[in-house]
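Read left to right, the sequence shown gives residues 34 to 244 (my numbering).
Ideal Cβ placement from N, Cα and C applies to all residues, glycine included.
Below: one structure, written as structure tokens.
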Amino acid sequence: MQTTIFLIRSGETDWDRARRLSGRRDLSLAEAGRAQAELSSRLLSTLRIDELLCSPLQRASATAETIAAPHAIPVARDTRLTAMHFGRWEGMSRDELAQDERYRAFLDNPLHVQGFDGESLIDVRTRALAAVDQALEDNEIGAHIVLVTHASVIRVLLLHFLGMPPASYHQLHIAPGAATVLRFASDWAPPRLLAINFCERLDLVLGGHTK
């Protein structure tokens with residue numbers, strides 16, 4: 034028996050479509066984001082879900098509630114799954130960020146760059162792993178656990194579990210509403226990656242915005 038965790042990125046917001054860095058800003062789903070949440074719900078509709086956790090931000094909570102509806106199960110909010118705090122960069126467009134020297138340094142060395150009044154990748158990794166560990170401990174082996182969170186959190190978890198260098202953070206695109214699937218066989222071995230960006234919509238994978 035193996036436990037499977039489904040990491041679902043929340044649907045997109047108007048800031049995503051405008052290519053603005055969302056971070057901790059508590060934004061609601063755009064029309065396209067609501068459609069992406071429906072896609073996630075249909076994707077998981079035939080699956081037995083043993084626990085459904087989400088970030089407390091509106092866009093993640095709304096996505097999680099949409100997923101939960103066919104199953105009539107509760108949604109638990111976990112602050113450890115909230116988006117990375119990007120400080121003064123939040124709300125800036127990609128063009129504006131490209132002119133920021135500290136942001137360019139963050140692209141080159143995301144693990145150690147500071148000075149933007151935000152959160153480090155180490156901090157994000159610590160809290161996200163704690164949420165995953167607790168979900169695994171709280172459920173029986175063989176459970177299906179759904180975590181609705183944000184691209185930044187999913188990226189950091191993938192870096193950790195796949196042993197990728199921190200600089201690869203910006204190479205990982207996580208499509209809105211898409212599922213990244215990890216299977217845990219034991220409490221000591223790293224999980225297997227079963228899927229990334231699984232959403233049955235190629236246009237979201239090729240043209241979705243990152244945050």
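Please confirm whether residue i and residue j have their CB atoms less than 8 angstroms apart.
i	j	result
residue 209	residue 44	yes
residue 116	residue 183	yes
residue 130	residue 136	yes
residue 155	residue 42	no
residue 96	residue 181	yes
residue 119	residue 56	yes
Taking the straight line between their C-alpha atoms, what separation do you get for residue i and residue j?
i	j	result
residue 121	residue 153	13 angstroms
residue 51	residue 159	30 angstroms
residue 80	residue 109	18 angstroms
residue 140	residue 200	7 angstroms
residue 14	residue 49	Here the chain has residues from 34 to 244 only, and residue 14 is not among them.
residue 232	residue 75	10 angstroms
residue 205	residue 170	28 angstroms
residue 230	residue 157	21 angstroms
residue 217	residue 142	29 angstroms
residue 243	residue 34	Note that residue 243 has pLDDT 36, beneath the 50 cutoff, so the model's placement of it is unreliable and no number is given.
residue 104	residue 192	31 angstroms
residue 134	residue 146	11 angstroms
Using the three-state DSSP reduction, which class does residue i fall into: helix, strand or coil?
i	result
residue 38	strand
residue 79	coil
residue 152	coil
residue 72	helix
residue 104	helix
residue 94	helix
residue 146	coil
residue 205	coil
residue 62	coil
residue 126	strand
residue 174	coil
Below 8 angstroms CB to CB, which residues in the same chain sit around residue i once its five sequence neighbours on both sides are set aside?
i	result
residue 228	212, 213 and 214
residue 194	215, 223, 224 and 226
residue 99	67, 70, 71, 73 and 74
residue 165	38, 180 and 190
With a CB to CB cut of under 6 angstroms and the five nearest residues on each side skipped, what residues in its chain are close to residue i?
i	result
residue 241	Because residue 241 sits at a pLDDT of 45, beneath the cut-off of 50, its placement in the model cannot be relied upon, and the following sentence gives the value as read from the coordinates. For residue 241, where only same-chain residues beyond five positions count, the Cβ hits under 6 angstroms are 208 and 209.
residue 163	113
residue 47	63
Can you give me the Cβ contacts of residue i inside the same chain, cut-off strictly under 7 angstroms, excluding the 5 residues immediately before and after it?
i	result
residue 53	124, 125 and 126
residue 106	82 and 85
residue 173	none
Assess, as a yes-or-no matter, whether the stretch 61-73 is touched by the stretch 87-105 under the definition of 3 or more beta carbon pairs within less than 8 angstroms. Yes: at least three Cβ pairs fall under 8 angstroms.
Please determine if the stretch 215-225 and the stretch 74-86 are in contact, where contact requires at least 3 C-beta pairs separated by less than 8 angstroms. With the cut-off at 8 angstroms, the stretch 215-225 and the stretch 74-86 do not touch.
Inter-stretch contact at 8 angstroms, needing at least 3 Cβ pairs: the stretch 35-42 / the stretch 166-184: yes
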